[in-house]
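Residue numbers for the sequence shown follow the numbering used here, so the first one is 5 and each next one is one higher. Where is the CB? At the ideal position from N, CA and C, for every residue including glycine. Structure first, commentary second.
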Amino acid sequence: MATNETKVLTAHVPLPLADKVDQLAARLDRSRGWVVKQALSAWVDQEEERSRLTMEGRADIEAGLLIDQQAMQAWADSLDSDTELPAPGIASAAKT
Numbered sequence: 005m006a007t008n009e010t011k012v013l014t015a016h017v018p019l020p021l022a023d024k025v026d027q028l029a030a031r032l033d034r035s036r037g038w039v040v041k042q043a044l045s046a047w048v049d050q051e052e053e054r055s056r057l058t059m060e061g062r063a064d065i066e067a068g069l070l071i072d073q074q075a076m077q078a079w080a081d082s083l084d085s086d087t088e089l090p091a092p093g094i095a096s097a098a099k100t
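What follows is the structure, encoded as C-alpha cells:
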C-alpha cells in the first residue's frame, strides 16, 4: 500500500558526489530529491537482500549443509584445465 506521507532526511555528502547527483538530475530532467530517493531505495533493497542471504547461509551452516573447501578449490582450479572436475556436492557436517 503506497503512502503519501514523507519524512525529510538530511545528510552531508562530499561535494563531488553532490555534483554527480545534480548532473544526473539534470540529465534525467528530475529533481535532486528524486535521484536521491531512487538511490536510497535501491541501496535499502540491496541491504535487505544481503541480510536475507546471510540469514539463509547461516541456516545452511547450522543445518550442516556444507561444501568442503578443498573440494571447492580443486574444482575451481580445474575449470581452466583439460580435466574439469564435476562441481562438488553438499556434504553434511553430521557425516564422519
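For Leu-69, name the three-state secondary structure that DSSP assigns.
-> strand
Measuring CB to CB, does Ile-71 end up less than 8 Å from Pro-92?
-> yes
Take every Cβ of the region 36-46, pair it with every Cβ of the region 9-28, and state whether three or more of those distances are shorter than 8 Å.
-> yes
Quick one: using the 10 Å Cβ neighbour count with 16 as the cut-off for buried, is Lys-99 buried or exposed?
-> Note that Lys-99 scores 48 on pLDDT, short of 50, meaning its location in the model is unreliable and no value can be drawn from it.
Mapping DSSP to helix, strand and coil, what is Thr-7?
-> coil
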